[in-house]
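Visitor:
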């Protein structure tokens, strides 16, 4: 199933749901996938782990309604989702996979899962940003925000973490000093930002 909503930079809305009234299966989130990946390829990749539920693969789209390299895979048994973490870091079609347990009971249109919005950054050096914010958890991507002409850095960035829990830890950076300025850190809402640098 592919996402069909183009309201945000990383849209997680769509027909797939991980609601609590849907048996006791476990769901994983996979990041850094090829944009061309197909559900059946993921089912085959995890075949040795355990069976995936019917319609249990969801591929969300970005704000341009294009694949964003992320997938949710729901197994029939929670233990299989835990076992799927053993494939974390493995190569899939030439890309190293980031895999975590999805703890969201329902997909959200208000917040971007696992992502924070950082304001008042005094540097656009991604290495420095990654080192500082990496203490909260594994960072998947850092996207810097520029003006429409890309002539100047707007001192803001989206930072996407592998685990949703890392967002809670990263929020503690709000008000802390980084490179001489006090940071503003919030969960990233599903608002449309354009002209972002690539991760």
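Numbering (this note's numbering), first residue to last: 570 to 768. Virtual Cβ for every residue (Gly too), placed ideally from N, Cα, C.
Taking contact to mean at least 3 C-beta pairs separated by less than 8 Å, is the region 651-663 in contact with the region 687-707?
Guide: no
Visitor: If distances are taken between C-alpha atoms only, which option among 627, 746, 688, 620 comes closest to residue 757?
Guide: 688
Visitor: Measure the C-alpha to C-alpha separation of residue 674 and residue 752 and round it to an integer number of angstroms.
Guide: Below a pLDDT of 50, predicted positions are generally treated as unreliable, and residue 674, at 47, falls in that range; the measurement from the model is reported next regardless. Roughly 30 Å separates the two Cα atoms.
Visitor: Going by the beta-carbon positions, is the gap between residue 644 and residue 619 smaller than 8 Å?
Guide: yes
Visitor: Is DSSP giving residue 686 helix, strand or coil here?
Guide: strand
Visitor: Let me confirm a value: residue 595 is counted as buried when at least 16 other C-beta atoms fall within 10 Å, else exposed. Which label applies?
Guide: buried
Visitor: Exposed or buried, what is residue 754 when buried is set at 16 or more other beta-carbons lying within 10 Å of its beta-carbon?
Guide: buried
Visitor: With H, G and I counted as helix, E and B as strand and the rest as coil, what does DSSP make of residue 741?
Guide: helix
Visitor: I'd like the ranges of any alpha helix (DSSP H) spanning at least 4 consecutive residues and lying wholly in the region 613-646.
Guide: none
Visitor: Does residue 606 come out as helix, strand or coil in the three-state DSSP assignment?
Guide: coil
Visitor: Going by C-alpha to C-alpha distance, which of 690, 705, 733 sits closest to residue 712?
Guide: 690
Visitor: Of the residues 723, 616, 628, which one's Cα is nearest the Cα of residue 608?
Guide: 628
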